[in-house]
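Peer 1: As you go down the protein sequences, you meet chains G and Y in turn. The opening position of the first sequence corresponds to residue 1 in our numbering, with each subsequent residue numbered one higher. The opening position of the second sequence corresponds to residue 1001 in our numbering, with each subsequent residue numbered one higher.
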Amino acid sequence: MTAQKDEERGPGLDAALERLEAIADRLEDPALDLDEAVRLYEEGLRLHAECAKRLDAADLRITQLADALAKQGRPAG
Amino acid sequence: MSTSSAPERVLRVGQLVTRLAERVQTGDEFKDLWVEGEVVQTTTSSLGHTYFTLRDTAGSLRCVLFATQAQAVTVMPRDGAKLVVHGYVELYLRDGRCQLRVDDVRAAGAGEAALRLEALRRRLEAEGLFRPERKRPLPAHPRRIGVVTSPTGAAWHDIQTVVARRDPRVELVFAGALVQGTSAVESLIAAFDGLARVRGLDAVILARGGGAPEDLWPFNDEALVRAIARFPVPVCTGVGHESDTTLVDHVADVRAPTPSVAAELVIPDATAEVRIAQRHRQRIDARMHAAIESRRRRLLAAGRLLERRAPAARVAAFRQRLDEDRRTLDRAVARLVPHRRQRAASARRRLEALSPLAVLGRGYAIVEGGDGRVRADARSLRAGEDVRLRMRDGRAGARVTEAP
């Protein structure tokens, strides 16, 4: 359920990660307007939190699946 | 009533027994015999020789089946069995008794029944029930297997053991049946009918442990053979031991000599398969974790860059510039004021130089009226009016005594 919800929400993890890296690159530009820098920084922080959450969710989902499979694979009796 | 009161000719018992033995054993009369009777008093010696008595209502005869011959026969004498045995009569000198040296053993009545069975086999074969092209292959990856066998026999246990060893994921659907006796056929067919209603069945094993040929007769029944022939999924038989072949073995899709072998044929050994699957699984797991980890590293790096290039630094830089500007401004302002002060002082000096008050220093006085205004004309004065004289070093009151 959670994974499905994640997928419905915005771009994928990889796309978000790429955007975040692009933002980090842009922020390096000393000629960047301050207002624009603040706006990019805000977006970057949001993307960072989003990526971290998704990575944790993916990790958890993998662990859960592996556990479920282990339980299922165990012979009965 | 004795007529032998005076013996004329006396034989030693050994002579007599020997003569009897010669009579019995020479000639063909007591050789190559088929003898029918019921078996009693069966014993087996430590060397593997089997001794038993064959009897019917009229008489009985000791029989011996030596170990070497016993290996060749398909039916072993058991107490209560009705048998036809083949052999020759010998007279055992030591106790003067006849015994049958047995070299072949068959079930009694086998002749007639065997003829009937052969006729049935031919008929079913002519119908095509035993044709190889009718045989269906066993499923490669069975998941649910029906088992028709006795709930009390070893066969069921043997099959479960094989499944546990080869592939515990396979589900066994047990259909218990009587496997010998008069109700066996009906019971076996009912078991098959029951399994035909089970969904998702991949194959059926019909099993029964070894038994005497007469015990396996239900497995030659025409109705059972037909039930197996029309069964919707492949049937593998494991009935009796290797030397016994029944009609169900002919009609079955696969025939195994024993229940265990049947189970081994139907259930492929999954351990190799499972090992391969596990290896794939481990690779997938490793890749998943690597995928997550690489993204974590990227995220960490991006996060650090974000912090380092945060606008806070930019703001700090701006603030510094702002401070510098402010200081510049302050310096400018600070420079402005003394300059002005200087200008003001010099202006004042100039002003002072031009001021009428400077004249006062030279001994003049300015007259101011009561209203504080300067009275420059004598006509503006009235006699008796109080005025003020403004002099170099201050003011003094005066009264006009005379006015024009």
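Ideal placement from N, C-alpha and C gives every residue a C-beta, glycine not left out. Remember, predicted model here, so these are calculated numbers, not experimental data.
Using a Cβ cut-off of 8 Å, which residues of the segment 1304 to 1335 of chain Y contact any Cβ in chain G, in chain order?
Peer 2: Residues of the segment 1304 to 1335 of chain Y whose Cβ lies closer than 8 Å to any Cβ of chain G, in chain order: Leu1305, Leu1306, Arg1309, Ala1310, Pro1311, Arg1314, Val1315 and Phe1318.
Peer 1: Check for me: the beta strand (DSSP E) holding Y:Ser1060 runs from which residue to which?
Peer 2: Counting along the chain, Y:Ser1060 sits inside the beta strand (DSSP E) bounded by residues Ser1060 to Leu1065.
Peer 1: What residues in the segment 1278 to 1296 of chain Y have a beta carbon less than 9 Å from any beta carbon of chain G?
Peer 2: Taken in chain order, the members of the segment 1278 to 1296 of chain Y whose beta-carbon sits within less than 9 Å of a beta-carbon on chain G are Arg1281, Asp1285, Met1288, His1289, Ala1291, Ile1292, Arg1295 and Arg1296.
Peer 1: Assuming the contact rule is C-beta atoms closer than 8 Å, G:Ala37 and Y:Arg1314 should be a hit. Round their C-beta distance to whole Å, please.
Peer 2: 6 Å
Peer 1: Which residues does DSSP list as the beta-bridge partners of Y:Ala1207?
Peer 2: Y:Gly1238
Peer 1: Identify whether Y:Gly1303 lies in helix, strand or coil by the three-state DSSP scheme.
Peer 2: helix
Peer 1: What is the residue span of the beta strand (DSSP E) that Y:Leu1033 lies within?
Peer 2: Element bounds for Y:Leu1033: Leu1033 to Thr1044.
Peer 1: Per DSSP, what kind of secondary structure is Y:Arg1097 in: helix, strand or coil?
Peer 2: strand
Peer 1: Residues of chain Y with CB under 8 Å from G:Asp59, in chain order?
Peer 2: Here the neighbours are Ile1292.
Peer 1: Alpha helix (DSSP H) containing Y:Asp1086: first to last residue?
Peer 2: Reading off the sequence shown, one finds His at residue 1086 of chain Y, where the question assumed Asp. Taken as a continuous stretch (DSSP letters only), Y:His1086 belongs to no alpha helix (DSSP H), being part of the beta strand (DSSP E) at Lys1082 to Tyr1092.
Peer 1: Tell me which residues share the same chain as Y:Val1248 and place their Cβ nearer than 7 Å to its Cβ, disregarding the 5 neighbours each side in the sequence.
Peer 2: Leu1206, Phe1219, Leu1224, Val1225, Ile1228, Thr1237 and Val1239
Peer 1: Among residues of its own chain, excluding the 5 on either side of Y:Pro1151, which ones have a beta-carbon nearer than 8 Å to its beta-carbon?
Peer 2: Phe1174 and Gly1176
Peer 1: What do you get for Y:Asp1158, buried or exposed, if any count of 16 or more other CB atoms within 10 angstroms of its CB means buried?
Peer 2: buried
Peer 1: Quick one: does the C-beta of Y:Thr1068 sit closer than 8 Å to a heavy atom of the ligand MN?
Peer 2: In the structure shown, the ligand MN is absent, as is every other ligand, since no ligand is present at all.
Peer 1: Would you call the CB atoms of Y:Pro1132 and Y:Ile1267 closer than 9 Å?
Peer 2: No.
Peer 1: Have a look at G:Ala58 and G:Ala15 and give me their C-alpha separation to the nearest angstrom.
Peer 2: 15 Å
Peer 1: Using a beta-carbon distance below 9 Å, is G:Gly44 in contact with chain Y?
Peer 2: yes
Peer 1: Suppose you measure from the CA of Y:Asp1269 to the CA of Y:Ala1184; what does that come to, to the nearest Å?
Peer 2: 32 Å
Peer 1: Do you know how far the Cα of Y:Gly1369 is from the Cα of Y:Arg1375?
Peer 2: 6 Å
Peer 1: Can you tell me which of the three DSSP states Y:Tyr1364 falls into?
Peer 2: Reduced to three states, the DSSP call for Y:Tyr1364 is coil.
Peer 1: For G:Glu50 and G:Leu40, I'd like the C-alpha separation in whole angstroms.
Peer 2: 15 Å
Peer 1: Going by DSSP, name the residue or residues bridged to Y:Gln1104.
Peer 2: Per the sequence presented here, residue 1104 of chain Y reads as Asp, with Gln not at that position. The partner list for Y:Asp1104 (beta bridge, DSSP) reads Y:His1086.
Peer 1: Do we get a CB-CB distance below 9 Å when we pair Y:Arg982 with the residues of chain G?
Peer 2: Because residue 982 of chain Y is not part of the residues shown, which for chain Y are 1001 to 1404, the question remains open.
Peer 1: G:Ala52 CB to nearest chain Y CB: under 9 Å?
Peer 2: yes
Peer 1: To test your reading of the DSSP string, which unbroken beta strand (DSSP E) runs of 3 or more residues are found completely within the segment 1138 to 1177 of chain Y?
Peer 2: 1144 to 1149 and 1171 to 1176
Peer 1: Looking at the C-beta of G:Ala67, does it have a partner C-beta in chain Y at a distance below 9 Å?
Peer 2: According to the sequence as given, residue 67 of chain G is Asp; it is not Ala. So, not an interface residue.
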